[in-house]
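Input: a single structure, listed below in structure tokens.
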Amino acid sequence: MNEAPVFERIGSLLLERLREEMAPSVLNPGEDIKLTHPGAETDYRFGVFLYDIGEVRPWGPPSPVRVNEDTRRHPDRLLALRFLLYANRKVPFDGMSALDEMVLLEAAMRAVHGMKPLEADGQKINPVLYEPSQGEKNALWQSLGTPLQPAAYLTLEPVRIPSARLRRTPPVREVLLSAKRKGAAGT
């Protein structure tokens with residue numbers, strides 16, 4: 010496929026929305042919010058990290074998509090993308106105080122709570138705050154090699170990933186039926 014990757018477009022849309030909502034009140038516009046992972050670099054104040062992807066099957070297995078008269082594309086995948094929204098405690102110079110962190114997280118939660126669905130390729134993608142269990146949070150932060158810290162957890166779904174697999178299915182041009190009559194009653 011020649012299009013920009015779907016995850017990249019969704020991540021850019023999410024960043025754009027967060028910047029619109031958060032930058033005027035608690036952050037400088039521009040590079041203060043980044044798509045990154047905890048501990049990656051220190052020149053941002055608020056990070057957005059894709060940490061999990063799951064398949065969404067609301068109505069069972071999807072069906073093939075008709076491309077043209079004799080070609081079908083394998084079914085698209087519907088995914089849920091889970092993001093971690095966190096304050097960067099390692100920001101240099103003026104640093105990150107506990108109060109700064111609380112203000113940023115509140116701004117993120119407000120932004121997500123009021124966020125309209127994202128739109129990509131004519132499809133609406135709903136942002137929903139997600140609350141993982143304490144065990145899931147511990148496991149996530151531990152896997153990142155960072156101590157547990159307050160964060161917002163966001164799910165975007167459904168994100169459609171089109172298949173690149175095509176199958177040729179010639180159309181039915183002619184149907185031949187033959188029928189025999191069963192014997193009449195009493196004969």
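The numbering of the sequence shown is my numbering, which starts it at 10 and goes up by one. Think of the CB as a built atom: it goes at the ideal place given N, C-alpha and C, for glycine as much as any other residue.
- Quick one: any contact between the region 131 to 138 and the region 151 to 167, if contact means 3 or more CB pairs under 8 Å? yes
- Beta bridge counterpart(s) of L163 as assigned by DSSP: F92, L138
- [ ] Tell me whether the beta-carbon of I19 lies closer than 8 Å to the beta-carbon of V121.
- [x] no
Which residues in the same chain as A117 place their Cβ atom closer than 8 Å to its Cβ, once the five residues preceding and following it in sequence are excluded?
L27, M31, F55, L94, A161.
In the DSSP assignment, the alpha helix (DSSP H) including R98 goes from what residue to what residue?
No alpha helix (DSSP H) contains R98, which DSSP labels as neither H nor E.
Problem set entry | Reduced DSSP category for N77 - H, G, I as helix; E, B as strand; rest coil | Of the three classes helix, strand and coil, the one that applies to N77 here is strand, per DSSP.
Report task. Compare the C-alpha of E115 against each of T155, P101, L23, A96 and name the closest. Result -> A96
Suppose you measure from the CA of G131 to the CA of P179; what does that come to, to the nearest Å? 29 Å
- Residue range of the unbroken beta strand (DSSP E) whose run includes A129: 127 to 129
Does DSSP put D2 in a helix, a strand or coil? It is not possible to answer for residue 2, since the shown part of the chain is limited to 10 through 196.
Item to complete: On the DSSP bridge assignment, give the partners of K133 in chain order.
Response: E128
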